[in-house]
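Residue numbers (our numbering), protein chains in the order written: chain X, 938 to 1206; chain E, 938 to 1206.
Read through the structure below, which is laid out as C-alpha cells, and then see the notes.
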DNA sequence: CGTCCTCTTGACGGCTTTCAATAAAAGTGG
DNA sequence: CCACTTTTATTGAAAGCCGTCAAGAGGACG
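Spelled out as C-alpha cells, the structure:
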C-alpha cells in the first residue's frame, strides 16, 4: 500500500467462450452456499464474471470520489478498502478475499466512497451497476441474495467496530486472525488451520488501528503463548478456542436466512 | 442503558384506519427524498407502518441471539444497537434516529446479531421479514431502494470505523456530532444548528469507545474553543467547518444513486 | 429537603505510540 | 550464485493519550 498505485490494466484475456461450468468460480460457489439457484439465476450470476481484468499488486481498483459505475467480483488475490486521513494516517475499512464482491456497499451512492487497492496481484471482474436493474426486475431471488450478503457484510463490520471501539490490541488481533480464517473457510472449506496471510505488519496495523511496532509485539506475544505459529507468509492457528474467548468472536457466515427469499425467478428473461 | 431493560410492550394503540396520508411519517418522507414512488409502491411502504408499538425508555426492541423475524421502522424516539463485551464494557454500534429502519442489516441472518435498546421512549413499527418476499417479487423498485439505503448505512458505518480506528478522541467526538446533525437534517431539513441530544455522557462514551470522563473533557474543550454550545439536552454547532476539518467528515446522505433502479413497479399486486 | 443520578475535576497509572537503531529478509544486477 | 540495495521485521527506551480511581458539585424528582 506504500507502493505507487498503478493504473488499472484493462487487458482482458479472452475468457473461455460459452457459459462457464457451474461452480467454476469462487464467487458462484460462495453464492451457492447461501441459496440454491436455478439455471436462469445462475446465468445472471455467471454474467458477472464475463469480464476478467488482471490487476497488479498495488493497483487502484476503485478511486474514492470517482463516479461509481461498476461492482467487482474479486476472483483472485486480496484487496482492501482504505481511507487516508488528513495526517497521512491510513485505515483499512475492509479486507476483500477471493469470491467477495467489491462495491456492493456503494450501490446506493453515485460516487465511490473509498479507495480499493490490491494487496496482491489478482483478477477482478467488473460488472456495471446498470446491470443490476435487470436483476431486480427479473431475478428477484438473486436480488434478495445480494441483499442478504450485503447484510452479512454489514454485521461483520459492526462486529469489527465493536472490537475497535471497546477492545484492546490483543482482542483486535485475535478477532482479525479468526475472522480472516473463517472467511477463507467459506470458499475453501477444506482449508486447515494454516493459511497464507499476504499482509505486512504495517498493513495489519492499518486494519487494526495500531502501529506496526505494536502489531509486531502482539504477534510475538501470541506466538510465545502458543496461540499461533508464523512461517511467513503463512499463519497457523493453534488454539482457536483461546483466541475466540479472547476476542469474543462469533462466526456469522454460517447463519444465512433465505426464508424470505422470493420462491423462484420469473423465466421471462 | 444502565436501567433495567423492559420487556417489549405489545399494546398497539389502534392506528388511524385507512391508509395514512402520503408523507405523513418521517419514514416515508425519508424514502421519498431518495426516490419518487408511485401509489402502488407507496402502499407497500405505508404497510410497514401499520403496526405501532409504544416503547418505554430502556426497552429492548431486539435481543441478540433471538430469531430475527421482523424489521422495525423507528417512528419516534432514539435507539441504539449495542454489543456487550466480556468485561462488561459496552459498545454502541449504531444510533438510530426517527425515520430509520432497524434490522435492515440483519435481513440475511436468521438470528439477531445485536441488541437494540431504546435511548428514549418512542414508537416502533414492526414489519415481518416475511413480507419482504412480496416486495422483492412485486415492487422491485422498493427493493432497490432498500438496498440503496442499506448501502448508505454501510458506508456511514465504514466512515465511523475509520475514525474509530485511526482517529483521536477529539476527532471521534467531532465526527459524532456532525454525523448526528446531518442525519437529523435528512428528515428535518429546517432544523437549524441546534438539536436535542438525548444521550448521557456515558452513552456517548459507548458510542465513541471512550470513558465518560474523557467524553466530559472533550465536550468541555469543544465548548471552551467555541466550537459548540451545550444547554442540556440541547447542543448547538457553532463552527461546523472547523469540526468538519477536524474529523475529515464527509456527508454521504445527499448522494443517492437511483439510476440503476428498475423503472417502475409491476402493478399486479 | 433529601435522595439519586449525572456531570465535573484532579491525580495517577497503563496501554499504546513515537523515536531510534539493528537485524533479517527479499529483491536486483552482475 | 554472490555483493548490493531496499524493504520489512525486531527490539529498547521514553513520551503521551486516555483510562482508572476518587471525591465533590450540580440537577431532577419525589
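No residue lacks a Cβ here, since even glycine has one placed at the ideal position from N, Cα and C.
Residue of the options minimising C-alpha distance to residue i
{"i": "residue 1059/E", "options": "1027/E, 1015/E and 1077/E", "result": "1015/E"}
{"i": "residue 1037/E", "options": "1126/E, 1162/E, 996/E and 1121/E", "result": "1121/E"}
{"i": "residue 1031/E", "options": "1012/E, 1021/E, 1044/E and 1053/E", "result": "1053/E"}
{"i": "residue 1193/E", "options": "1147/E, 1144/E, 964/E and 968/E", "result": "968/E"}
{"i": "residue 1100/E", "options": "1091/E, 1151/E, 1092/E and 1112/E", "result": "1112/E"}
{"i": "residue 1010/X", "options": "1057/X, 997/X, 1126/X and 1061/X", "result": "1061/X"}
{"i": "residue 1041/X", "options": "1074/E, 1068/E, 1085/E and 1012/E", "result": "1085/E"}
{"i": "residue 1201/X", "options": "1129/X, 974/X, 1087/X and 980/X", "result": "974/X"}
{"i": "residue 1002/E", "options": "1024/E, 1066/E and 1043/E", "result": "1043/E"}
{"i": "residue 995/E", "options": "1066/E, 1017/E and 1130/E", "result": "1017/E"}
{"i": "residue 1072/E", "options": "1139/E, 1164/E, 1180/E and 978/E", "result": "978/E"}
{"i": "residue 965/E", "options": "1065/E, 1123/E and 1164/E", "result": "1123/E"}
{"i": "residue 1185/X", "options": "1114/X, 1140/X and 1033/X", "result": "1114/X"}
{"i": "residue 1008/X", "options": "1022/X, 989/X, 1153/X and 1024/X", "result": "989/X"}
{"i": "residue 1094/X", "options": "1130/E, 972/E, 1079/E and 1029/E", "result": "1029/E"}
{"i": "residue 1197/E", "options": "1131/X, 998/X and 1067/X", "result": "1067/X"}
{"i": "residue 1207/E", "options": "1125/E, 1166/E, 1064/E and 1152/E", "result": "What is shown of chain E runs 938 to 1206, which leaves residue 1207/E out entirely."}
{"i": "residue 972/E", "options": "993/E, 1081/E and 1163/E", "result": "1081/E"}
Endpoints, beta strand (DSSP E) assigned at residue i
{"i": "residue 1016/E", "result": "1016-1021"}
{"i": "residue 1059/X", "result": "1059-1065"}
{"i": "residue 1009/E", "result": "1007-1013"}
{"i": "residue 1207/E", "result": "With chain E covering only 938 through 1206, there is no way to say anything about residue 1207/E."}
{"i": "residue 1190/X", "result": "That residue, residue 1190/X, is in no beta strand (DSSP E); it is neither H nor E in DSSP."}
{"i": "residue 991/X", "result": "990-992"}
Whole-angstrom distance between residue j and residue i, CA atom to CA atom
{"i": "residue 1118/X", "j": "residue 982/X", "result": "26 Å"}
{"i": "residue 1177/E", "j": "residue 1133/X", "result": "45 Å"}
{"i": "residue 1182/E", "j": "residue 1055/X", "result": "29 Å"}
{"i": "residue 1048/E", "j": "residue 1004/E", "result": "4 Å"}
{"i": "residue 1045/X", "j": "residue 1000/X", "result": "16 Å"}
{"i": "residue 1157/E", "j": "residue 1150/E", "result": "11 Å"}
{"i": "residue 1057/X", "j": "residue 1172/X", "result": "17 Å"}
{"i": "residue 1020/X", "j": "residue 1188/E", "result": "15 Å"}
{"i": "residue 1107/X", "j": "residue 1006/X", "result": "39 Å"}
{"i": "residue 987/E", "j": "residue 1155/X", "result": "52 Å"}
{"i": "residue 1039/E", "j": "residue 1012/E", "result": "11 Å"}
{"i": "residue 1069/E", "j": "residue 1075/X", "result": "16 Å"}
{"i": "residue 1169/E", "j": "residue 1050/X", "result": "34 Å"}
{"i": "residue 958/X", "j": "residue 984/X", "result": "Its pLDDT being 49, under 50, residue 958/X is placed unreliably in this model, and the value from its coordinates should be taken loosely. For residue 958/X and residue 984/X, the distance between alpha carbons rounds to 12 Å."}
{"i": "residue 1147/E", "j": "residue 1180/X", "result": "24 Å"}
{"i": "residue 963/X", "j": "residue 1140/E", "result": "42 Å"}
{"i": "residue 1143/X", "j": "residue 1027/X", "result": "6 Å"}
{"i": "residue 1089/E", "j": "residue 1195/E", "result": "12 Å"}
{"i": "residue 1063/E", "j": "residue 980/E", "result": "16 Å"}
Cross-chain neighbours of residue i in chain X, by beta carbon under 8 Å
{"i": "residue 1077/E", "result": "1073, 1074, 1077 and 1080"}
{"i": "residue 1185/E", "result": "1022 and 1023"}
Short CB-CB distance (under 8 Å) between residue i and chain E
{"i": "residue 1146/X", "result": "yes"}
{"i": "residue 1023/X", "result": "yes"}
{"i": "residue 1066/X", "result": "yes"}
{"i": "residue 970/X", "result": "no"}
{"i": "residue 1104/X", "result": "yes"}
{"i": "residue 1099/X", "result": "yes"}
Extent of the continuous alpha helix (DSSP H) run through residue i
{"i": "residue 1110/X", "result": "1106-1124"}
{"i": "residue 1183/X", "result": "1177-1184"}
{"i": "residue 1083/X", "result": "1077-1103"}
Any C-beta of chain X under 8 Å from that of residue i
{"i": "residue 1205/E", "result": "Any answer about residue 1205/E is weak, because its pLDDT of 48 lies below 50 and its placement is not dependable; what the coordinates show is given next. Cβ-Cβ to chain X under 8 Å: no for residue 1205/E."}
{"i": "residue 1063/E", "result": "no"}
{"i": "residue 976/E", "result": "no"}
{"i": "residue 1180/E", "result": "no"}
{"i": "residue 1138/E", "result": "no"}
{"i": "residue 1026/E", "result": "yes"}
Contacts of residue i in chain E (Cβ-Cβ under 8 Å)
{"i": "residue 1087/X", "result": "1045, 1084, 1087, 1088 and 1091"}
{"i": "residue 1199/X", "result": "1070, 1073 and 1074"}
{"i": "residue 1042/X", "result": "1088, 1091, 1092 and 1095"}
Chain-ordered chain X contacts of residue i [CB-CB under 9 Å]
{"i": "residue 1036/E", "result": "Chain X residues near residue 1036/E: none, gap ~16 Å exceeds 9 Å."}
Within chain X, partners of residue i - CB distance below 7 Å
{"i": "residue 1051/E", "result": "1095"}
{"i": "residue 1194/E", "result": "1005, 1045, 1046 and 1047"}
{"i": "residue 1110/E", "result": "What residue 1110/E touches in chain X: nothing, since even the nearest Cβ is about 13 Å away."}
Contact list for residue i against chain E, beta-carbon separation under 7 Å
{"i": "residue 1189/X", "result": "1046 and 1050"}
{"i": "residue 1030/X", "result": "1095, 1098 and 1099"}
Interface residues of chain E facing residue i [CB-CB closer than 9 Å]
{"i": "residue 965/X", "result": "None at all; the shortest Cβ gap to chain E is about 18 Å."}
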